[in-house]
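Take a look at the structure set out below.
There are 2 protein chains.
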Amino acid sequence: MKKQIVLKSRPVGKPTADNFETRLIEIPTVAEGEVRLVAHTFSVDPYLRGRMSDAKSYIAPFQVGEAIVSGLVAKVVESKAANLKVGDFVMERLPWQEEMVVPAKGLQVVDEKIAPLSYYLGILGMPGLTAYFGLLDIGKPQKGETVVVSGAAGAVGMVVGQIAKIQGCRVVGIAGDDAKNEYLMKELHFDAVINYKTVKNLDKALDTACPSGVDVYFDNVGGEISDAVIAQINKGARIIICGQISLYNATSMPVGPRIQPSLLKRSAMMQGFIVSNYVHRFPEGFKVLAGWVSGGLLKYTNTAYKGFDQLPEAFIALFEGKNLGKLIVEVS
Amino acid sequence: MKKQIVLKSRPVGKPTADNFETRLIEIPTVAEGEVRLVAHTFSVDPYLRGRMSDAKSYIAPFQVGEAIVSGLVAKVVESKAANLKVGDFVMERLPWQEEMVVPAKGLQVVDEKIAPLSYYLGILGMPGLTAYFGLLDIGKPQKGETVVVSGAAGAVGMVVGQIAKIQGCRVVGIAGDDAKNEYLMKELHFDAVINYKTVKNLDKALDTACPSGVDVYFDNVGGEISDAVIAQINKGARIIICGQISLYNATSMPVGPRIQPSLLKRSAMMQGFIVSNYVHRFPEGFKVLAGWVSGGLLKYTNTAYKGFDQLPEAFIALFEGKNLGKLIVEVS
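As given, the protein sequences belong to chains A and B, one line each in that order.
Going by my numbering, the first residue of the first sequence is number 1, and it counts up by one from there.
Going by my numbering, the first residue of the second sequence is number 1001, and it counts up by one from there.
Dropping the structure here:
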């Protein structure tokens, strides 16, 4: 019997441990074309919160009583598939289980010799690709422009800031912790950082950090932080809506200043997106990101919880802003 | 002495007659390179409201005590410029005056033989070009898609709807008057119309009018009408912010539901613009619009006030939704 974590109830507001339940399940035998996997490292992501609600979104909701599914790097321990052998590592969206039997088809093989396994969930995985396509394809930052990123110390945000630096932009990060901001300044060479939790006047801080205004805003957070940034956009600004983590736990329709007049006055553009829109270009993104990583232009860090049982706690911690970089749970 | 209308005070909320003052001015003599013009037809536009406030926008505010400036077709009655002769008609942004002496340089000659003079302020002028570039360049409507336009019976909106029909789209117009909506259906062949003032349930009416959802929303109005439309956008929708007339008279920051989550869930795009962004492509737009007009594909109508003194009243009427098509004031 192996452990599985299911959605016990849909969260109302901030998720709690009570929304999850651990069960023991039988792992079936391996049929032709299938493999048995042992979980190695789980990805824990803000977008999972959306799937825990039953509102219409870009991805179907989780069902109560069924396993949570997220990105997982797993080890093949038994194989009846020609293309996978015991000892291979694979990555896919897979259930929160210690072990599982799945079809081999569609599993992406990942290679520890090219990059540490956790990278395939982070800088070379979904968050890295999200930063790459969102910033470059939608934001189109030009040399000398000012790029502001919210959730700057998160898995996506810290890649966005570094790619913007590679493009020759002034990069301003917004995060909620001094230690995170120090990392962004000292290790990732952001030009300015703002701690939105301790700053006295966010408008003034943004004005100081962005003396030439804001040309590109990569938004992971939404809410009042975004109101303040949007108030300082330049003509022709591009706003990339990647996440709205400040609103994911809202229990009523969030309201705020209407932004259409600002977009109108500045001929500005705002675009929502999800990385899967770019699935046909993933190989390109992976190649460029891997090149930047191996060339030392992109640094990467993560926050790791240890042990399968930590999955719910790690997920809840996302909404407390505890993670620096990608949040992962290492199982084995 | 000739009449001039100046901004007497900045409107707070809806403009009133008290915000304007008529003065008598001396018309100077004509110097080399100048012409004397007699006003023929003024254009009265919602965007002028923005210039009456002193908030930062895409165009400098009017100064209190100075003449209002708007689009004008005027007749040359005296010329000391080689390129203009007495009897020519010209168009330019010019002051609200019965007569004026201005440099000939920069005045666009308009030809009554090609189209009625009022067309150069409407379908072949700024509103027509606004509809053309906003819908086609930003909205990129595809055959079979559903295009919703607010302010559908206004100068821009009725051109947007007709161009969308030319593109093979389903066109849904929102306006606040049954007579206007009848015109849109019978004369301009819109597929559906909604009277937002009398409809009992706007959400339900939109749902009925847009059985396949909303792919393109051309927004002239903003506010609660837009909230309802944005709630029904499809994946990959494009929202063009052309005007926000429902908010122009707001005396405090308008608030409403935050729209970023909707844009995120639908990978949708919203873009503000002003027609002058496309000044380098005006000849293209004019040529295409003129072709459609002469080919009978684009119909046009306007609401005309008669007499110079009617300018303030005509402008105020814009915010009461009284105009069908372009609102103009015929002086002579």
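Quick reminder that beta carbons are idealized off the backbone N, C-alpha and C, glycines included.
First and last residue of the uninterrupted beta strand (DSSP E) at residue i
| i | result |
| --- | --- |
| L1101 of chain B | The sequence shown places Val at residue 1101 of chain B, not Leu. Here the beta strand (DSSP E) through V1101 of chain B covers E1099 to P1103. |
| T1146 of chain B | T1146 to S1150 |
| I174 of chain A | R170 to A175 |
| V77 of chain A | V69 to S79 |
| F273 of chain A | Where F273 of chain A is concerned, there is no enclosing beta strand (DSSP E), given that its DSSP letter is neither H nor E. |
| K306 of chain A | N302 to K306 |
| G1256 of chain B | V1255 to P1257 |
| A1192 of chain B | A1192 to N1195 |
| V109 of chain A | Q108 to V110 |
N- and C-terminal bounds of the alpha helix (DSSP H) containing residue i
| i | result |
| --- | --- |
| E313 of chain A | L311 to L318 |
| Q1162 of chain B | G1157 to I1166 |
| A1250 of chain B | Counting along the chain, A1250 of chain B falls outside any alpha helix (DSSP H), and DSSP gives it neither H nor E. |
| M52 of chain A | L48 to M52 |
Three-state class that DSSP yields for residue i in the structure shown
| i | result |
| --- | --- |
| L1264 of chain B | helix |
| P283 of chain A | helix |
| R1010 of chain B | coil |
| E182 of chain A | helix |
| R36 of chain A | strand |
| L324 of chain A | coil |
| I138 of chain A | helix |
| D215 of chain A | strand |
| L1124 of chain B | coil |
| A1017 of chain B | helix |
| V1288 of chain B | helix |
| L94 of chain A | strand |
| T208 of chain A | helix |
| V1293 of chain B | helix |
| F1042 of chain B | strand |
| T1022 of chain B | strand |
| F1133 of chain B | helix |
Contact set between residue i and chain A, taken where Cβ atoms lie within less than 7 Å
| i | result |
| --- | --- |
| A1268 of chain B | G272 |
| N1277 of chain B | S267 |
Contacts that residue i makes with chain B (C-beta to C-beta distance below 7 Å)
| i | result |
| --- | --- |
| G256 of chain A | V1255 and R1258 |
Beta-carbon neighbours of residue i, restricted to chain A and to distances below 8 Å
| i | result |
| --- | --- |
| L1263 of chain B | I241, M270, Q271 and G272 |
| Q1232 of chain B | Result: empty, since nearest Cβ-Cβ is about 11 Å, beyond 8 Å. |
Among the options, nearest to residue i - alpha-carbon criterion
| i | options | result |
| --- | --- | --- |
| P127 of chain A | A:F273, A:Y305 and A:F319 | A:F273 |
| A192 of chain A | A:V147, A:V288, A:I230 and A:T198 | A:V147 |
| G1321 of chain B | B:Q1244, B:R1170, B:A1175 and B:E1224 | B:A1175 |
| E313 of chain A | A:E21, A:Y196 and A:M1 | A:E21 |
| M1158 of chain B | B:K1299, B:R1049, B:A1317 and B:E1330 | B:K1299 |
| N302 of chain A | A:I239, A:I163, A:L121 and A:N181 | A:L121 |
| L297 of chain A | A:G161, A:K143, A:T251 and A:R266 | A:G161 |
| V1293 of chain B | B:A1017, B:E1092, B:L1124 and B:R1093 | B:L1124 |
| Q1063 of chain B | B:I1005, B:R1170 and B:G1033 | B:I1005 |
| Y47 of chain A | A:V288, A:V275 and A:L324 | A:V275 |
| P116 of chain A | A:I166, A:T41 and A:Y278 | A:T41 |
| F1190 of chain B | B:C1210, B:V1199 and B:K1165 | B:K1165 |
| S1150 of chain B | B:I1239, B:A1060 and B:A1031 | B:I1239 |
| K1265 of chain B | A:L72, A:I241 and A:V90 | A:I241 |
| D1227 of chain B | A:Q260, A:V229 and A:I233 | A:Q260 |
| V1101 of chain B | B:Q1232, B:K1080, B:E1066 and B:G1307 | B:K1080 |
| L1247 of chain B | B:R1258, B:I1163, B:S1332 and B:E1224 | B:E1224 |
| G50 of chain A | A:E284, A:G65 and A:V69 | A:V69 |
The ligand MG heavy atom lying under 7 Å from the CB of residue i
| i | result |
| --- | --- |
| Y278 of chain A | Questions concerning the ligand MG fall outside what the structure shown contains, since it holds no ligand whatsoever. |
Within chain B, the residues that residue i reaches when beta carbons sit closer than 8 Å
| i | result |
| --- | --- |
| G222 of chain A | R1258, Q1260 and P1261 |
| S226 of chain A | Q1260 |
Listed by chain order, chain B residues near residue i by CB distance under 9 Å
| i | result |
| --- | --- |
| Q333 of chain A | Any property of residue 333 of chain A remains undetermined from this structure, which presents chain A solely from 1 to 332. |
| L247 of chain A | R1258, Q1260 and P1261 |
message = As an exercise, report each continuous beta strand (DSSP E) stretch of at least 3 residues that is fully enclosed by the segment 218-244 of chain A, in chain order.
response = Whole beta strand (DSSP E) segments, 3+ residues: 233-241.
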